[in-house]
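*Asks:*
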Amino acid sequence: MAEPLLDIRGLQTHFHTFGGLVKAVDGVSFDVKAGEIVGLVGESGGGKSVIGFSIVGLIDPPGKIVGGEIRFDGRDIAKLDERAMRRVRGREIAMVFQDPMTSLNPVYTVGRQMDEVLRLHTDLDKAARRARCIRMLEDVGISEADKRLDAYPHQFSGGMRQRVVIAIALLAGSRLIIADEPTTALDVTVQSQILKLMRRQVEDTGAAMILVTHDLAVVSEMADRVVVLYCGRVIERGLTDEIIANPAHPYTRGLLDSIPRIADRQHRLRQIPGTVPDIRSIGLGCSFRARCSRAQSLCAERSPDLAHVRGSLDAACHFPLEEAAR
Amino acid sequence: MIKRLLQMMLVLFVVSVIVFLMMSFTGDPVFMVIPIDSTAAEIEQARRLLGLDQSLFSQYWIFLSNLLQGDFGRSYVFRQPAMDLILERLPATMEMVVVAMGIATVIAIPLGVYAGANPNRAASRSIMAASLFGISLPGFWVGMMLIFFFSVRFQFLPSSGRGETIEVLGLRLSIFTADGWSHMILPAVTLALATLAIILRITRAGMMEVMRQDYIKFARAKGASRRHILFAHGLKNALIPVVTIFGLQLGDLIAFATITETIFAWPGTGKLLIDSIYRGDRPVIVVYLMLTAFIFVVINFLVDIVYTLIDPRITVK
Amino acid sequence: MNRLLSSEFVYNYRRNIPAVLGSVLVLVFAFLAIIGPFLVWQDPYDVSQLELMDSFKPPVWLEGGDPRYLLGTDGQGRDVLASIIYGARISAFIGLAAMICSCVIGTTLGLMSGYYGGTLDAVIMRIADIQLSFPSMLIALFLMSAFGNGIGMILIALTAVGWVVYARTVRGSTLGEIQKEYIQAARVAGLSDAQIIRRHVLPNVLTPLIVVSTIQVGSFILIEASLSFLGVGVPITEPSLGLLVKEGFDVLFSGIWWTSAFPGLFIMFLVFGINLFGDFLRDELNPRLR
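Residue numbers (numbering that gives the first Met the number 0), protein chains in the order written: chain A, 0 to 325; chain B, 0 to 316; chain C, 0 to 289.
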């Protein structure tokens, strides 16, 4: 099998705050192959976004990448200096942010903000850049792109702005797109349009995508593989279909059970008891034990390592769920 | 736009009423113009000549219609049209104000951007402490100390007056001669200090606010350089409060120029105002105030226009 | 007020070196202004205590200095330090009194403006807008030139300049407050406007008031000093720090710097101390005020 496009090994990103050391990402490993969509899932505070920002080297003090490798296309980009990293950002790896209302600069036209990417990463002349921006806007489904290019962000609706953000991310032909909760801030009706758009664009350009989200429903629609995070660690990963059908980790099960299903009115909506613990106060043992119905004494003594369970599934649990647990 | 112009007229009208009323309370100017040994009849005649024997309302009416006709009265002291006196000195004041504003802006904005972008660095904290010092300084005292060091102690720069002027576009300006600059630099620096500190603090506050925004992070994710992010993405957004303060500060500079001009014997309008206050030269004070009011109204209007240039979300009301 | 005394505030205060430095400065100056006259041996305005022989003595550490005159003397043989301490009392009094006057008037107008709204609000705020577009220094200068010198006149001029900031701040806070439901409830319960304002609105506008007041005192002291320097401030019989600097100006060119340098330095540290403390209060109590 070919080497994956992105291979993260043992990534650790810590924050030194007044309240103590926060291990926001604590030994996370997963990979992304070219043309693949990988979903990073977890509750808020689980360290999903921090992973995204770690990959593009946008962790600001008091945060710092303290360990692990981020191998992109064979080289460890975590070790690159800021100058070299700038050539990766936007060119090789692009990002889509959560809130389209705030991720565009209000004082510049959409065209100028798109043009910026091409100016930074290509040698095209002005006319060629403009032509490419227009084509890109049309690709993401914005009509009258020629005119819209000279409009300011506040003249666009939320969904339209996210289309622009996606257009910007795709513009330089990046091989990896990191989408951080790209639809969370949008209306439900717009959400699926944007997801479809992103999926199609990834397929058309052959780029890979990391989809950071708290929403397993979104992941099941979009992702080829899923990585489930809890308290800064990977607790389960595998092919989407397998995880959705038969998760091995009780936490993943809990997440799945909390999704409302219209088809199944009888199904009781369950929620995971308790809340995500303060990462600083976990100590020894499994971080999920306090909320887990299957926890035993071993869970408090030793933190489980990620291990192969069955099929494509790896899980970090001393007592993984059996297949067909229901 | 029309509404805006009417508003400006209203402000000027209100100012004219206030100026007129205040001036009517300040003693009897008739004694400023007549010889000390005048007879009662002569006083009465002078009074009639000045229109002081009429009611307050009709005096104001005369005052206003004179103003509108471009007759701004004659100085009691110089026996010249007050407006001419002021216009003659206006270039001196304006060039000092402009130079001071230039000094303040050129230093304050980069420092403010730096301090706002790196709020936790020791250098930023020092900049902020220094700027707080700057707004605590009595400007007149700074000017005196500069005179003492550079003129009295080291005899390095002239302590007073304006340097050699040359005529540029019909204005006599001193900023194009070396002698002019040697006279200009101390008063301009004195005048600039407080404004520098204030613009710096506003720029920093704006930058701190802006640098937290998502679009800054998004610009970084595009691979833009830090310099480009600070000045193209950050500063333009942070400039909106800076522009407000810029307009107000321009006004403050004109006001404080009175003090600086007094210290450095700078032959500008500010010194003329203070001299006229001492001498009770009412027409000159009135014209000065009306003219400054007019300048401020224009500045405020320009500030509003600049807003729309910076921020596409704002339109002129 | 409870928030003021809460432990977090005190904790942050003690960790904030500039704030501590600022308040120490302010306390030292307050101390000097109150009991200073008992500390210096000379009353600079009692002619019988002055000796013309001792005029223009330099500070004690310079050649020709006299140990009786720590910071030197002026042309009439007055101890500069004693003049500063007497002058600081006048400056501090004017700063505080002007702050109180403008606070009372500005707060009242701001409360009325915010609470009643309508035409009253429009008129007050329009006046405030117009006034704010002119530099306060110029307005004060103009008023003083019309009134003539005198401490009372300065207070009037500074109040006329300073009320706007209070009125605006208080109006803003009042508007925010009266929209809240408990005010509606109090209205329904039949409390009079005066009661509602006094019991519910006023306590909630106190925090910004404290911040504004601190900064205003410093700015009033500076404006007063500038006016007095121009000769349109305090009368010669009651010299504030600004007037002392002015008197020193005439002899500066003959190399006698101490009669103007020290009073100015004193103004600077006084205002700097107030501003340091005010800056801290603002960050701590109301981060959004600028």
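Backbone N, C-alpha and C fix where the C-beta goes; we use that ideal spot for every residue, glycine too.
1) Leaving out five residues before and five after C:L69 in sequence, what residues of the same chain have Cβ atoms less than 6 Å from its Cβ?
2) Please look up how many angstroms separate the CB atoms of B:F263 and C:F228, rounded, as I've assumed it's under 8 Å.
3) Looking at the structure shown, is C:F141 part of a helix, part of a strand, or coil, going by DSSP?
4) If contact means a Cβ-Cβ distance below 7 Å, which residues of the segment 114 to 135 of chain C contact chain B?
5) Residues of the segment 222 to 243 of chain C in Cβ contact with chain E at a cutoff of 9 Å, in chain order, please.
6) Pull up the CB-CB distance for A:L10 and A:V27, whole angstroms please, since I reckon it's below 8 Å.
7) Just the Cα atoms here: how many angstroms apart are A:L320 and A:D25?
8) Using the rule of at least 16 other Cβ atoms within 10 Å of the residue's Cβ for burial, across every protein chain shown, is C:A188 buried or exposed?
9) In chain C, which residues lie with their C-beta within 7 Å of the C-beta of B:G250?
10) Since B:W265 and B:M144 are thought to touch, with beta carbons under 8 Å apart, how far apart are those beta carbons, to the nearest angstrom?
11) Mapping the DSSP letters down to three states, classify A:L4 as helix, strand or coil.
12) At 8 Å on the CB atoms, spell out the chain C contacts of B:V10, in chain order.
13) Measuring CB to CB, does B:A254 end up less than 7 Å from B:A187?
14) Quick check on the burial criterion: 16 or more other C-beta atoms within 10 angstroms. Buried or exposed for A:R325?
15) In the DSSP output, which residue or residues are listed as bridge partners for A:L228?
16) When the distance is taken between beta carbons, is B:V10 closer than 7 Å to B:V296?
17) Which term fits A:V187, buried or exposed, when burial requires 16 or more other beta carbons within 10 angstroms of its beta carbon?
18) Counting contacts by CB-CB distance shorter than 7 Å, is B:A220 in contact with chain A?
19) Give every residue of the same chain whose Cβ lies closer than 7 Å to the Cβ of A:G34, excluding the five residues on either side of it in the sequence, and list them in chain order.
20) For a contact meaning CB atoms closer than 7 Å, what does B:V151 contact in chain C?
21) Cβ closer than 7 Å: which chain B residues qualify as neighbours of A:R85?
22) Could you tell me the alpha carbon to alpha carbon distance between B:F148 and B:P157, rounded to whole angstroms?
23) Quick check: is the beta carbon of A:V116 nearer than 7 Å to any beta carbon in chain B?
24) What beta strand (DSSP E) runs, 3 residues minimum, are completely inside the segment 52 to 83 of chain A?
25) Can you check whether the CB of A:G253 is closer than 7 Å to the CB of A:I271?
26) Below 6 Å CB to CB, which residues in the same chain sit around B:F62 once its five sequence neighbours on both sides are set aside?
27) Opposite A:R252 in the DSSP bridges: which residues?
28) Applying a beta-carbon distance threshold of less than 8 Å, which residues of chain A neighbour B:Q212?
29) If you count every other CB in all the chains shown that lies within 10 Å of the CB of A:T274, and 16 or more means buried, which is it?
30) At which residues does the beta strand (DSSP E) containing B:H182 begin and terminate?
31) Are the C-beta of B:R312 and some C-beta of chain A separated by less than 7 Å?
32) Give me the subset of the segment 294 to 309 of chain B whose CB atoms are less than 7 Å from a CB atom of chain A, sorted by chain position.
33) Is the separation between the beta-carbon of B:T176 and that of B:V141 shorter than 7 Å?
34) Along the segment 119 to 135 of chain B, what residues have a CB closer than 8 Å to any CB found in chain C?
35) Which of helix, strand or coil does DSSP assign to C:R289?
36) Mind checking whether A:A93 and A:I176 have CB atoms under 7 Å apart?
*Replies:* According to the structure shown:
1) For the purposes of this step, residue 69 of chain C is taken as the residue at position 70 of the third sequence. Correct list, in chain order: V59 and L80.
2) For the purposes of this step, residue 263 of chain B is taken as the residue at position 264 of the second sequence. For the purposes of this step, residue 228 of chain C is taken as the residue at position 229 of the third sequence. At roughly 13 Å, the Cβ-Cβ gap does not stay under 8 Å, so B:F263 and C:F228 are not in contact.
3) Within the third sequence, residue 141 of chain C is the residue found at index 142, counting from 1. DSSP places C:F141 in helix when its eight states are reduced to three.
4) I129, S132, F133 and P134
5) As a matter of chain content, chain E is missing from the structure shown, whose protein chains are A, B and C.
6) Here residue 10 of chain A refers to the residue found at position 11 when the first sequence is read from its first residue. Here residue 27 of chain A refers to the residue found at position 28 when the first sequence is read from its first residue. Indeed, because the Cβ distance is near 5 Å, the residues count as touching under 8 Å.
7) Counted from its first residue, the first sequence places residue 320 of chain A at position 321. Counted from its first residue, the first sequence places residue 25 of chain A at position 26. Cα to Cα, the separation comes out at about 24 Å.
8) What you label residue 188 of chain C is simply residue 189 of the third sequence in a count that begins at 1. Burial call: exposed.
9) Numbered from its first residue, the second sequence carries residue 250 of chain B at position 251. Chain C residues near B:G250: F133 and P134.
10) Within the second sequence, numbered from 1, the residue matching residue 265 of chain B stands at position 266. Within the second sequence, numbered from 1, the residue matching residue 144 of chain B stands at position 145. About 17 Å separates the two Cβ atoms, so there is no contact after all.
11) In the first sequence, residue 4 of chain A corresponds to position 5, counting from 1. In the structure shown, A:L4 sits in coil (DSSP, three-state: anything other than H, G, I, E or B).
12) Numbered from its first residue, the second sequence carries residue 10 of chain B at position 11. The answer, in chain order, is I129 and S132.
13) As a first step, residue 254 of chain B is located in the second sequence; it is residue number 255 there, counting from the start. As a first step, residue 187 of chain B is located in the second sequence; it is residue number 188 there, counting from the start. No, these two residues do not count as a Cβ contact at 7 Å.
14) Along the first sequence, one-based indexing puts residue 325 of chain A at 326. Confidence at A:R325 is low in this model, with a pLDDT of 46, below 50, so its placement is unreliable and no value can be given for it.
15) Mapped onto the first sequence, residue 228 of chain A falls at position 229. Paired residues: A:V233.
16) By one-based count along the second sequence, residue 296 of chain B stands at place 297. By one-based count along the second sequence, residue 10 of chain B stands at place 11. In this structure, B:V10 lies closer than 7 Å to B:V296 by Cβ.
17) The count along the first sequence starts at 1 and reaches residue 187 of chain A at position 188. A:V187 comes out exposed.
18) Your numbering for residue 220 of chain B matches position 221 in the second sequence. Cβ-Cβ to chain A under 7 Å: yes for B:A220.
19) Locating residue 34 of chain A in the first sequence gives position 35, where the first residue counts as 1. Counting only Cβ-Cβ distances below 7 Å, and skipping sequence neighbours, we find G205 and A207.
20) One-based indexing of the second sequence puts residue 151 of chain B at position 152. Under the 7 Å cutoff, chain C gives L251, F252 and G254.
21) If you number the first sequence from 1, residue 85 of chain A lands on position 86. Within 7 Å Cβ-Cβ: G222 and S224.
22) In the second sequence, counting from the first residue as 1, residue 148 of chain B sits at position 149. In the second sequence, counting from the first residue as 1, residue 157 of chain B sits at position 158. Between B:F148 and B:P157, the C-alpha separation is close to 11 Å.
23) Working through the first sequence from its first residue, we reach residue 116 of chain A at position 117. Judged by the 7 Å Cβ criterion, A:V116 is in contact with chain B.
24) 62 to 71
25) Here residue 271 of chain A corresponds to residue number 272 of the first sequence, with the count starting at 1. Here residue 253 of chain A corresponds to residue number 254 of the first sequence, with the count starting at 1. Cβ distance < 7 Å, so A:I271 and A:G253 count as in contact.
26) Counted from its first residue, the second sequence places residue 62 of chain B at position 63. Within the same chain, B:F62 has close Cβ partners F19.
27) The residue you call residue 252 of chain A lines up with position 253 of the first sequence. Paired residues: none, contrary to the question.
28) Residue mapping note: residue 212 of chain B aligns to position 213 of the second sequence, counting from 1. What B:Q212 touches in chain A: T101.
29) Walking along the first sequence from the start, residue 274 of chain A turns up at place 275. Looking at its Cβ environment, which holds fewer than 16 other Cβ atoms inside 10 Å, A:T274 is exposed.
30) To locate residue 182 of chain B, count along the second sequence from 1; it is residue 183. Element bounds for B:H182: not the beta strand (DSSP E) but the alpha helix (DSSP H), A177 to M210.
31) For the purposes of this step, residue 312 of chain B is taken as residue 313 along the second sequence, with counting starting at 1. B:R312 counts as touching chain A.
32) I309
33) Position 177 of the second sequence, counting from 1, holds the residue named residue 176 of chain B. Position 142 of the second sequence, counting from 1, holds the residue named residue 141 of chain B. The answer is no: Cβ separation not under 7 Å.
34) A128, L131, F132, I134 and S135
35) Numbered from 1 along the third sequence, position 290 holds the residue referred to as residue 289 of chain C. For C:R289, the pLDDT reaches just 39, beneath the cut-off of 50, and the residue's location in the model is therefore unreliable, leaving the point undetermined.
36) Stepping through the first sequence from its first residue, residue 93 of chain A is reached at position 94. Stepping through the first sequence from its first residue, residue 176 of chain A is reached at position 177. Going by C-beta atoms, A:A93 is nearer than 7 Å to A:I176.
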